[in-house]
Amino acid sequence: IGQEIQAVPWQNECVIKEKVMSLIIDTLKSSTITAELSDAEVEILASLFEVRDYQAGAAIVKQGDEHPDNLYILAHGDIEVKIRSGTEESTIYILKAGDLAGIINFVGGAQSSATLYAVGNTKVLSLGRARFETLINSHPMMVYKVMRGVVRNVHGIVRRVNSETAELSNYIYRARGRY
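In our numbering, the protein residues as written are 244 to 422.
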């Protein structure tokens, strides 16, 4: 009675690991890549991700990088997607929580075509292609479902870009009486 209970170091580690895993699972559930997965499959996938913290303005991936073959999912904060044109960088999109980045590198291993910058303090889930590929033999249907989710995400991007292109064309040519 009257004694304070002191936390044992391993208990603090367990709490931290639980919070990290909760962040990963919550983020995955808000993403297109887990739309077809069961809760058990989401947990298996979650065990492959790591969480990375970035300070405001930090480059997550740089245009032209060959190194990263990771898939990134924004957990917290925003990511500014910029492309270099000549000597200037232009922002082409701002990613929000649950959005994917690094898709082309993850799938095909090509150089990065954009630079990703953290806007404010940002948490990003990262999954290396090699780690993901460990599931091919043990969980092939899960890999298939995740890749369908990646394709759905890319399709959403293509639809958005097509819509913006049509709007820009209408503006330039003063079509459809809107401008």
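Note that CB positions come from ideal geometry on N, CA and C, so glycine has one too.
As the structure is a prediction and not an experimental result, all values here were calculated from the model.
- Rounded to the nearest whole angstrom, the C-alpha separation of Lys272 and Ala318 is 11 Å.
- Assigned with DSSP and collapsed to three states, Ser381 falls in helix.
- Here the alpha carbons of Ile415 and Thr377 stand approximately 49 Å from one another.
- Apart from the 5 residues on each side of it in sequence, Glu284 sits with its Cβ closer than 6 Å to the Cβ of Met385 in its chain, given in chain order.
- Considering only Arg417, Arg391, Lys339, the residue with the shortest C-alpha distance to Leu368 is Lys339.
- Gly363: member of the beta strand (DSSP E) spanning 358 to 371, first to last residue.
- Using a Cβ distance threshold of 9 Å, Thr365 and Asp296 count as a contacting pair.
- Cβ atoms of Gln306 and Ile287 stay farther apart than 8 Å, at about 33 Å.
- One thing to note: Val324 has its Cβ within 9 Å of the Cβ of Ile335.
- Taking the CA atoms as reference points, Val294 sits about 42 Å from Asn413.
- When the alpha-carbon of Gly351 is set against those of Thr275, Pro311, Ile259, Tyr387, the nearest one is in Pro311.
- Within the same chain, no Cβ atom closer than 6 Å to the Cβ of Ala373 is found once the five residues on either side in sequence are excluded.
- By the neighbour-count criterion, in which a residue is buried when 16 or more other Cβ atoms sit within 10 angstroms of its Cβ, Gly300 is exposed.
- C-alpha of Gly341 to C-alpha of Ser381: approximately 26 Å in a straight line.
- The Cβ atoms of Ile276 and Val389 sit closer than 9 Å to each other.
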